[in-house]
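Report on the structure given below.
Chains as they are written, first to last, in our numbering: chain A, 1 to 356; chain B, 1 to 826; chain C, 1 to 236.
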């Protein structure tokens, strides 16, 4: 069986989603797409996000994703990770009716244990009711997977996913407000102006059930939700990123990312969300992300232990994954897995690495 | 190793001294392989095309859900199954017409397609382009060629619609056009409708069941291991295979004869090698290696020949498969590794069969026994006895297959047994006749002539057997084809009575044309046909069979002319009432239905009970067909295709009506044809179908001529010793040559004589058993004595040509070589 | 190794034990009235380099004895040792190797491979034995008067020449023992004598012992020793 055609099919989708544009050609193709004026909207600084409206889809932007990662523990203390992601990709900046709708969706779900990393992928066209996102009450769905909320801060809902070897159903609640990254939700991705709208709900507490290979367990823990949309989030020379969402044991939250470039120094950015919910953007030179150890994961050499420093916070930690093989071998592969960290602070979180 | 190599080289040196023998052996193996692999290439090609058609983007390659009643169903079912966790992908398919040719339009949803199908999606073609707008219409390269269009063209579909820009996808089946599902729904005028849901993954064990989600509206069909086309054309290919095998066997006869001679002539060499220290094992390895080497070389040459044969026959095969079954074949011959392997494998197997007895005999002989004169051929009486016993065995096998066997395979087995038995028995009557001749002969030369011919019989018998097979196949197949031709022509005359046949490009156009025609005075009747497809099951046989149902209005055109094999007196009345149906002969046989049987036809509006009130011959298609009332069909199949029409008019008015129709509606009339042209077209398809048979038949005859030629050549050297004494006592070389010629011709004539009854038996087997089982129709058995004369003449000509060269050589043989016979006498 | 030293070695070995030792050998063939004994307790010894003429009437078992020594047939009982190797214990491969390397066989009929040239026939056994030596082959060809005929086929040369090819073929691998079954039986007297002269001379050069079956006392007289088979036994 030739795997090439299916990749060719997937490429435009995930490429446009800027999900680890590994091959230079793809990155170039993406850049080409991003630069043409098909009439897609561009994020602008100073634009105010309005909720619950902005929880919904923004068809005038080329790409968008709703991302939830949960660090979970069962009753015997075993650690788990759970991922639920819906990507949207538009061929044209509009809604449409039936099969003519130019919106398409890809969803990934995963469950990680210390020894297993199970994942599933499903895809859908917009317009016919197989997948979609509604703002109020919030509901993102595809097939029999969904992510719902009742409150404007996305509290009071649940995520569900089912795949041949796993399924989960997790209730989500959060007392604190949403965290807007960058300049009130306008998040820069490069010096040359690439940017997205980006906000999170980092304070979810989670309770529910998770089943692996038919064995169901009650789990609790913390979860982080991201919602981001844009039309061209990466510059032409940017090949991928390393992204951290970290729940600090002191109740604060930290988001850091590093966009790697072929030609220049990496672009670093992040947000510190204090335990009271106050968000502070972190400057580029405030952050140090340093790979400590590399490992062969799904045929690629990936950094699997990191030293993370935020100078202004006097934070210096050592983070490593629960399962170093947390690789999503989906259409285009990327690393997405739960991590724990020790050092000046300890806690848990998620690490995402693309473009290796 | 050294032993082995020198033994091999020494054995092989024999061929350098006897190139003629080598040529015969090589040709025999090569020809056997060529005919077999040619047929195999054709079958492979067809099978690949069917798989392509069935597997076009996974339709048929994956299990799927279809409407229990056949036809379309609402798109909501797709959503219901996805929400229940079933990974299904929606598909809609239907026929469209471009120019005067029908294509299969396949609408798929690329994001949800099963992986196997996604892999067939174009490389380089991006998803965005395919999804559009304007989207892409993917076609196989040969479809694009057939359309005479370039990539990017957007051909018009009848009225206002256009296909999206065409793009090549090499993995598609010819005749299939793949577009996005939304585009297909629009072009087929079926918005929100689907024809099937492909199952991309097995549903999880804890997922809701099919019934819970969809009730009984949908049923699951498994991935076709035998696609529908493969099922329909199975018999056709079995026919081809049988011919290939026959040719293969004839080729082996040649190889066997040459091998036998070669082993006999090489016995002294083998004895010498043993005496000077070649071990039995090394010798065995050397003999087997030589055999394999020869087989591989001859096999490779045969494969080239096979390719040429297949390439030459492919257009005819493609035409007849398309005409008979609607199966489209890829026009360019593709050669798979499997084909090469099977071809060379057949050559190796063939060589082994041809050489086995000689090899075993040679190796089993103790060293010293070889030194003694070795009786390669048993005494002739013993030999005849053995031939007779084998013949009896083969004939008994044929009888057993006929009595106890079922299906086409049994038909072929009985045919093979009959042919083989007759061929093996052939030397018996020949020997008897020669003995009689010897007894009756007066002059010494005449006596010698018969005695010598008798002595020659074993050496020539293989060639004569091959000739018998070829001749009787010629007669048998000839009778069958000629009989079929007559029946077919008669049937066409009865069946095609309307003056004009046409097809509208869309239903809207059809209604408009109907109204317009009704107002014309020169049109006596407008007879609309509607067509639906379903799968019929019947209780006597467990299998199901695809059926086309044709609805026609009650009219004198049918009730007075339509040819029926058997029918109830009130058949047409019952059909008009909607509770009677006519079925084609092949459907009746396939499902074991007879007059008076009742049948539940699954329709989108529930089961429809009808009684079989008539059976009609249908030589036009191998698919099962059923005819019912037009209104009754339309009521039960809301989605039925209603585009076909027959027009009755005075023959002299027909051209004007056709012209007016085309002028008025232009592309609204997708196809139009008058009676004479339709007959012409049908006959052409028929002729092309049998052109293949005729070609293989002729090739078999050529092969048997080669066999005869090879045997005569290899025997020629030995003949000198037998002729020398006659020459010494005063018979001229010229007279000797004439006697040789007479002897060969006599053998051929006798063989031809035997081939007539055998050919007739074969024709009967073909008409009464093979055809019935293969195509589902029984033809009248005709006898054509003029054909026999042709075959007789052909046999004599073959023999004359084959004997010409050896005899010419004999006539010119130097007296010295005749003398050498005496000089060497020890 | 030079021809002379090979002969010298052979003599030394022969001095210690005979090259060929046949002990109490019996052989019978199935006949219409039960087994027909041909050999009945035959004893025979032949030293290296020695030549022995085996005589006897037709049917006395001369050829049978020769075939048994060559490993072409199986004895009923008794033993045959060649160079202390028990021939009767060897399997087919072993006996083939013995024929290839230790023995040379010349039959009454010439037994050449008709599809090989004289040169190739001459070299055939030596090549099989892996002892092909071109200068020795050329020397043999010259001595046998075949030098000009190497590219011809057997049917293109005379009977005497054919038998000389057979002698050369048997001697080309430098066998220890040459077995000859009426080697001149098919030739006229003059040609036969010439062939036999060559055979004995070349065998001596090669250091090969000779065991020759003949019914001619005249020819037998040219060999070192003679023995006569009668009633299945050997009378020296």
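The beta-carbon is built from N, C-alpha and C at its ideal position, and this holds for glycine as well.
Would you mind telling me which residues of chain B sit closer than 9 Å to residue i, beta carbon to beta carbon, in chain order?
{"i": "residue 60(C)", "result": "Those within 9 Å of residue 60(C) in chain B number zero; the least Cβ separation is about 17 Å."}
{"i": "residue 35(C)", "result": "Those within 9 Å of residue 35(C) in chain B number zero; the least Cβ separation is about 17 Å."}
Grab me the residues of residue i's own chain with a C-beta within less than 8 Å of its C-beta, minus the 5 sequence neighbours each way, in chain order.
{"i": "residue 207(B)", "result": "84, 85 and 86"}
{"i": "residue 114(A)", "result": "78, 79, 322 and 323"}
Looking at C-alpha atoms only, which residue of the options is the closest neighbour of residue i?
{"i": "residue 508(B)", "options": "555(B), 31(B) and 644(B)", "result": "644(B)"}
{"i": "residue 191(C)", "options": "98(C), 72(C) and 162(C)", "result": "162(C)"}
{"i": "residue 141(B)", "options": "703(B), 166(B) and 474(B)", "result": "166(B)"}
{"i": "residue 653(B)", "options": "353(B), 553(B), 674(B) and 669(B)", "result": "674(B)"}
{"i": "residue 550(B)", "options": "567(B), 271(B) and 530(B)", "result": "530(B)"}
{"i": "residue 223(C)", "options": "53(C), 42(C), 18(C) and 32(C)", "result": "53(C)"}
{"i": "residue 423(B)", "options": "439(B), 95(B), 246(B) and 440(B)", "result": "246(B)"}
{"i": "residue 638(B)", "options": "658(B), 666(B), 353(B) and 605(B)", "result": "605(B)"}
{"i": "residue 105(C)", "options": "360(B), 274(B) and 790(B)", "result": "274(B)"}
{"i": "residue 514(B)", "options": "521(B), 522(B), 501(B) and 528(B)", "result": "528(B)"}
{"i": "residue 368(A)", "options": "219(A), 332(A) and 299(A)", "result": "Within the shown structure, residues of chain A are numbered from 1 to 356, placing residue 368(A) beyond reach of any answer."}
{"i": "residue 245(A)", "options": "49(A), 99(A) and 350(A)", "result": "350(A)"}
{"i": "residue 357(A)", "options": "64(A), 341(A), 209(A) and 65(A)", "result": "Not covered by the structure: residue 357(A). The range shown for chain A is 1 to 356."}
For residue i, which residues in the same chain have their Cβ closer than 6 Å to its Cβ, ignoring the five residues on either side in sequence?
{"i": "residue 2(A)", "result": "Residue confidence for residue 2(A) is low, a pLDDT of 32 falling below 50, so the modelled location carries little weight; the figure read from the coordinates is stated next. Once the five neighbours on either side are set aside, residue 2(A) has no close Cβ partner at all."}
{"i": "residue 533(B)", "result": "548"}
{"i": "residue 346(A)", "result": "249"}
{"i": "residue 137(A)", "result": "150"}
{"i": "residue 568(B)", "result": "613"}
{"i": "residue 55(A)", "result": "135 and 138"}
Beta-carbon within less than 7 Å of residue i's beta-carbon, same chain only, minus the 5 sequence neighbours each way: which residues are those?
{"i": "residue 516(B)", "result": "664"}
{"i": "residue 226(B)", "result": "Any reading at residue 226(B) must be qualified, since the residue scores a pLDDT of 47, below 50, and its modelled position is unreliable; no value is offered."}
{"i": "residue 102(A)", "result": "90, 91, 92, 94 and 96"}
{"i": "residue 196(A)", "result": "43, 187, 189, 228, 229, 230 and 233"}
{"i": "residue 192(A)", "result": "235"}
{"i": "residue 220(C)", "result": "53, 55, 214 and 226"}
{"i": "residue 243(A)", "result": "257 and 352"}
Can you have a look at residue i and say buried or exposed, based on whether 16 or more other CB atoms are within 10 angstroms of its CB?
{"i": "residue 43(B)", "result": "buried"}
{"i": "residue 63(C)", "result": "buried"}
{"i": "residue 258(A)", "result": "buried"}
{"i": "residue 697(B)", "result": "buried"}
{"i": "residue 265(A)", "result": "exposed"}
{"i": "residue 291(A)", "result": "exposed"}
{"i": "residue 218(C)", "result": "exposed"}
{"i": "residue 40(A)", "result": "buried"}
{"i": "residue 738(B)", "result": "exposed"}
{"i": "residue 607(B)", "result": "exposed"}
{"i": "residue 586(B)", "result": "buried"}
{"i": "residue 198(A)", "result": "buried"}
{"i": "residue 626(B)", "result": "buried"}
{"i": "residue 421(B)", "result": "buried"}
{"i": "residue 279(B)", "result": "buried"}
{"i": "residue 409(B)", "result": "exposed"}
By the criterion of Cβ-Cβ separation under 8 Å, what are the contact partners of residue i in chain C?
{"i": "residue 27(B)", "result": "Chain C residues near residue 27(B): none, gap ~21 Å exceeds 8 Å."}
{"i": "residue 846(B)", "result": "Any answer about residue 846(B) is impossible in this case: the structure gives chain B only from 1 up to 826."}
Anything in chain B within Cβ reach of residue i, meaning under 7 Å, just list it in chain order.
{"i": "residue 130(A)", "result": "79 and 82"}
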